[in-house]
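Numbering (the working numbering), first residue to last: 3 to 358.
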């Protein structure tokens with residue numbers, strides 16, 4: 003935590019000439035984007051800076067009040083991961099964000115730095131047009147961002163292999179060669195989401211290239227990903243400010259911490275598949291049976307939409323609980339499905355060697 007705080011102080015010192023440090027932190031309204039971006043906003047607020055966190059209204063309405071944070075919405079439309087929503091956001095997002103920043107300026111509170119994350123590349127354009135310094139927050143691992151830089155950094159896909167998914171590979175110094183199965187899924191041409199994410203990542207990289215000294219904040223730390231950080235440092239001004247992990251979680255009325263404390267140390271299995279992966283009923287049943295046969299207590303994170311499906315099987319309350327949380331420093335079994343999960347699984351098995 004000392005090194006993380008030191009990195010955040012370095013970030014704040016970039017703008018020490020400002021009378022008031024006001025960070026405007028913007029993120030796309032996906033849960034996997036909200037968690038680290040909101041944590042960065044809270045970490046900056048702890049330093050005594052003024053912080054506004056901005057995302058879609060549908061998300062902000064569910065967030066509890068937080069000391070040192072104010073909220074602002076750049077989209078009133080209910081979120082849905084559809085082409086129509088993305089098109090609408092691309093049209094109204096920049097206009098709404100411009101109005102918010104201008105109002106802050108008119109109120110005598112000019113924005114010191116605009117921090118934006120994945121899937122909102124237009125934030126950089128807004129910041130540049132309004133003469134506000136900006137920083138891109140790479141919410142995934144540094145290796146994933148290094149891969150994006152290779153693939154999309156020159157306006158199009160780039161790799162060390164041929165033109166098919168199976169032949170694609172990427173080499174990052176001091177890391178194992180990354181084959182197609184190790185790459186974030188949407189960088190591959192045959193992936194269904196590539197037509198959406200590909201152009202968006204190209205826009206991200208183009209925006210960074212237009213800046214004289216682009217700043218990229220990495221959700222990692224030096225000791226964990228020194229190879230990927232070194233690769234990125236040769237091209238960009240990067241600052242490792244992770245890990246962006248919440249220090250506390252809220253799980254409604256479920257007193258899961260008390261339940262965890264009642265179990266022997268390192269005896270509980272934690273199960274999570276991310277906020278996008280949808281398991282069908284048969285998959286849930288198979289996973290559940292495997293967990294029960296392990297005869298170990300477990301915590302299984304279930305998306306709210308999943309929990310509304312038909313019940314998989316009746317079980318004792320002690321056998322299955324829902325929670326939002328993160329387990330660190332324990333052996334892991336990767337089951338990658340989408341986005342950077344594939345790269346994370348490779349790092350866990352071949353680089354960090356704390357799982358399979």
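Every residue gets a Cβ at the ideal spot worked out from N, C-alpha and C, and that includes glycine. Source: prediction; values computed, not measured.
Own chain, CB closer than 7 Å to residue i, minus 5 neighbours either side, in chain order
i, result
"residue 91", "77"
"residue 100", "128, 132"
"residue 141", "35, 38, 39, 119, 120, 221"
"residue 46", "10, 25, 53"
Distance, residue j Cα to residue i Cα
i, j, result
"residue 152", "residue 223", "21 Å"
"residue 358", "residue 336", "6 Å"
"residue 278", "residue 16", "36 Å"
"residue 364", "residue 93", "This structure cannot speak to residue 364, because the chain is shown only from 3 to 358."
"residue 135", "residue 145", "25 Å"
"residue 257", "residue 59", "29 Å"
"residue 63", "residue 31", "12 Å"
"residue 263", "residue 150", "41 Å"
"residue 351", "residue 50", "39 Å"
"residue 95", "residue 68", "24 Å"
"residue 43", "residue 239", "20 Å"
"residue 303", "residue 276", "9 Å"
"residue 227", "residue 269", "28 Å"
"residue 191", "residue 154", "12 Å"
"residue 292", "residue 41", "34 Å"
"residue 85", "residue 345", "26 Å"
"residue 87", "residue 205", "18 Å"
"residue 348", "residue 339", "12 Å"
"residue 284", "residue 296", "19 Å"
"residue 66", "residue 102", "21 Å"
"residue 244", "residue 97", "31 Å"
Own chain residues within Cβ distance below 8 Å of residue i, not counting five before or after
i, result
"residue 106", "24, 26, 54, 112, 113"
"residue 315", "Model confidence at residue 315 stands at a pLDDT of 41, short of 50, so the residue's coordinates are unreliable; what they give is reported in the following sentence. Once the five neighbours on either side are set aside, the close Cβ partners of residue 315 are 287, 290."
"residue 282", "none"
"residue 320", "Caution is warranted here: a pLDDT of 36 is assigned to residue 320, below 50, making its placement in the model unreliable, and no coordinate value can be reported."
Cut-off 6 Å between Cβ atoms - residues of its own chain near residue i, not counting five sequence neighbours on either side
i, result
"residue 267", "none"
"residue 179", "171, 173"
"residue 148", "174, 230, 233, 234"
"residue 189", "153"
"residue 280", "none"
"residue 56", "28, 74, 76"
Residue nearest to residue i in terms of C-alpha spacing, selected from the options
i, options, result
"residue 139", "242, 353, 103", "242"
"residue 362", "170, 188, 175", "Outside the shown range of the chain (3 to 358) lies residue 362, about which nothing can therefore be said."
"residue 29", "75, 48, 52, 297", "75"
"residue 184", "199, 206, 143, 201", "143"
"residue 48", "73, 274, 204, 14", "14"
"residue 301", "57, 356, 271", "271"
"residue 274", "117, 354, 343, 102", "343"
"residue 353", "295, 296, 225, 237", "225"
"residue 89", "57, 203, 198", "198"
CB contact flag (residue i, residue j, <7 Å)
i, j, result
"residue 219", "residue 137", "yes"
"residue 123", "residue 209", "yes"
"residue 341", "residue 212", "no"
Inset, instruction - Run through the region 181-237 for me and flag every whole beta strand (DSSP E) of 3 or more residues, listed as ranges in chain order. - result: Here the runs fully enclosed are 217-220.
Inset, instruction - Only counting runs of 4 or more residues, tell me where the alpha helix (DSSP H) segments fall wholly within the region 72-110, in order along the chain. - result: With a minimum length of 4 residues, the continuous alpha helix (DSSP H) runs that stay inside the region 72-110 are 85-108.
Legend entry - Any alpha helix (DSSP H) of 4 or more consecutive residues that is wholly inside the region 237-301: Within the region 237-301, the alpha helix (DSSP H) runs of at least 4 residues that lie entirely inside it are, in chain order, 258-263, 283-296.
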